[in-house]
Amino acid sequence: EPEVTQTPSHQVTQMGQEVILRCVPISNHLYFYWYRQILGQKVEFLVSFYNNEISEKSEIFDDQFSVERPDGSNFTLKIRSTKLEDSAMYFCASSVGANTGELFFGEGSRLTVL
Amino acid sequence: AQKVTQAQTEISVVEKEDVTLDCVYETRDTTYYLFWYKQPPSGELVFLIRRNSFDEQNEISGRYSWNFQKSTSSFNFTITASQVVDSAVYFCALSEPGNTPLVFGKGTRLSVIA
Chain A
1 EPEVTQTPSH
11 QVTQMGQEVI
21 LRCVPISNHL
31 YFYWYRQILG
41 QKVEFLVSFY
51 NNEISEKSEI
61 FDDQFSVERP
71 DGSNFTLKIR
81 STKLEDSAMY
91 FCASSVGANT
101 GELFFGEGSR
111 LTVL
Chain R
1001 AQKVTQAQTE
1011 ISVVEKEDVT
1021 LDCVYETRDT
1031 TYYLFWYKQP
1041 PSGELVFLIR
1051 RNSFDEQNEI
1061 SGRYSWNFQK
1071 STSSFNFTIT
1081 ASQVVDSAVY
1091 FCALSEPGNT
1101 PLVFGKGTRL
1111 SVIA
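So the protein sequences, as listed, match chains A and R.
Here this note's numbering is used: the first residue of the first sequence is 1, the next is one more, and so on.
Here this note's numbering is used: the first residue of the second sequence is 1001, the next is one more, and so on.
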């Protein structure tokens, strides 16, 4: 069964460092998303991406965040200068269509900022 | 604005008991989608079901069943004859048509004790 894959599964970084989280969405999917889950809390939307541009973003997705689809397969989330409060599980998701029909989530990348 | 409320933070049951997880939602749209996701201890988000607002038929899948009641804006999830492997955090989520992000509830942590 096709799946969304994310790397790394866990990253530890120092405050102020740049981090790139990588995702390989399902190959025929056109819509891509990043969500975040701070430990023990609910899953929160960060950004959606379609046709090589951001289609929607939340208040959390400020200037220190960026997304990119550098080639035909990867979808990356970059955090420019990490803060302690960026420590969370980051989930990538993809879907075939625009109706958020059935999002397929990756297994998540746990980011720990020290 | 969309909102999903899962009033039960934690539930603990003994194996083989039935358990119902509550979900109440708010939306101004007449067309919307409701979802349940399972997050086992390993951390990934596993899609369980999607329901659109025009389909109020209840659904059963093995030991899982879902009761959608538009009149009370609820989309409750019942696990029959619970098993230890059902122990997880369960999230209810809502989205509106178009490429709109999923809005998640805070989740209900289910512990099934042998």
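Glycine is no exception: its CB is placed at the ideal position from the N, C-alpha and C atoms.
Residue environment, residue i, which counts as buried when at least 16 other CB atoms sit within 10 Å
i: T1072 (chain R); result: exposed
i: A1001 (chain R); result: exposed
i: S9 (chain A); result: exposed
i: G97 (chain A); result: exposed
i: R1028 (chain R); result: exposed
i: E1096 (chain R); result: buried
i: D62 (chain A); result: exposed
i: S81 (chain A); result: exposed
i: P945 (chain R); result: Any property of residue 945 (chain R) remains undetermined from this structure, which presents chain R solely from 1001 to 1114.
i: F1035 (chain R); result: buried
i: A1081 (chain R); result: exposed
i: T1031 (chain R); result: exposed
i: V1112 (chain R); result: buried
i: D1086 (chain R); result: buried
i: M15 (chain A); result: exposed
i: V12 (chain A); result: exposed
i: S109 (chain A); result: buried
Under 8 angstroms between C-beta atoms of residue i and residue j
i: I79 (chain A); j: Q64 (chain A); result: yes
i: L84 (chain A); j: V113 (chain A); result: yes
i: V1004 (chain R); j: G1105 (chain R); result: yes
i: D1022 (chain R); j: Q1008 (chain R); result: yes
i: S1065 (chain R); j: E1059 (chain R); result: yes
i: Y35 (chain A); j: V24 (chain A); result: no
i: A1114 (chain R); j: V1084 (chain R); result: yes
i: T1020 (chain R); j: T1108 (chain R); result: no
i: G993 (chain R); j: E3 (chain A); result: Nothing about residue 993 (chain R) can be reported from this structure: the residues present for chain R run from 1001 to 1114 only.
i: E102 (chain A); j: F1047 (chain R); result: yes
i: S95 (chain A); j: F104 (chain A); result: yes
i: F75 (chain A); j: F32 (chain A); result: yes
i: A88 (chain A); j: Q37 (chain A); result: yes
i: F1075 (chain R); j: Q1039 (chain R); result: no
Beta bridge counterpart(s) of residue i as assigned by DSSP
i: E1015 (chain R); result: Per DSSP, none; premise fails for E1015 (chain R).
i: C23 (chain A); result: A:Q6, A:F75
i: N28 (chain A); result: Bridge partners of N28 (chain A): none, in fact.
i: V1053 (chain R); result: In the sequence on display, residue 1053 (chain R) carries Ser and not Val. Note: S1053 (chain R) sits in no beta bridge, so no partner.
i: S68 (chain A); result: According to the sequence provided, residue 68 (chain A) is Glu. The question's Ser does not apply to it. Note: E68 (chain A) sits in a beta bridge opposite A:T76.
i: A1001 (chain R); result: For A1001 (chain R), which the question treats as bridged, DSSP gives no partner whatsoever.
i: A1093 (chain R); result: R:F1035, R:F1104
i: A1081 (chain R); result: Paired residue(s): none; A1081 (chain R) is not in a bridge.
i: F1068 (chain R); result: R:F1075
i: F49 (chain A); result: A:F32, A:I54
i: F61 (chain A); result: DSSP lists no partner for F61 (chain A).
Ranges of the beta strand (DSSP E) found wholly within the stretch 70–112 of chain A, counting only runs of at least 3: Runs found: 75–79, 88–95.
Contact list for the stretch 1088–1103 of chain R against chain A, Cβ threshold 7 angstroms: The residues in question are F1091, S1095, P1097, G1098, N1099, T1100, P1101, L1102.
Against chain A: residues of the stretch 1011–1040 of chain R by CB proximity under 9 angstroms: Using a CB distance below 9 angstroms, the part of the stretch 1011–1040 of chain R facing chain A consists of Y1033, F1035, Y1037, Q1039, ordered along the chain.
Residues from the stretch 17–32 of chain A in contact with chain R, defined by Cβ distance under 9 angstroms: Per Cβ criterion, the list reads Y31.
Against chain A: residues of the stretch 1047–1064 of chain R by CB proximity under 7 angstroms: When CB distances to chain A are screened at a threshold of 7 angstroms, the residues of the stretch 1047–1064 of chain R falling below it are F1047, R1050, in chain order.
Short-range partners of chain R found in the stretch 36–53 of chain A, where Cβ spacing is below 8 angstroms: Answer in chain order: Q41, K42, V43, E44, F45, S48, Y50.
Under 9 angstroms (Cβ pairs) to chain R, residues found in the stretch 98–113 of chain A: Identification of residues in the stretch 98–113 of chain A having a C-beta nearer than 9 angstroms to some C-beta of chain R yields A98, N99, T100, G101, E102, L103, F104, F105, G106, E107, G108, R110, given in sequence order.
Interfacial residues, the stretch 55–75 of chain A to chain R, with Cβ spacing under 8 angstroms: From the stretch 55–75 of chain A, only S55, E56, S58 have a Cβ closer than 8 angstroms to chain R.
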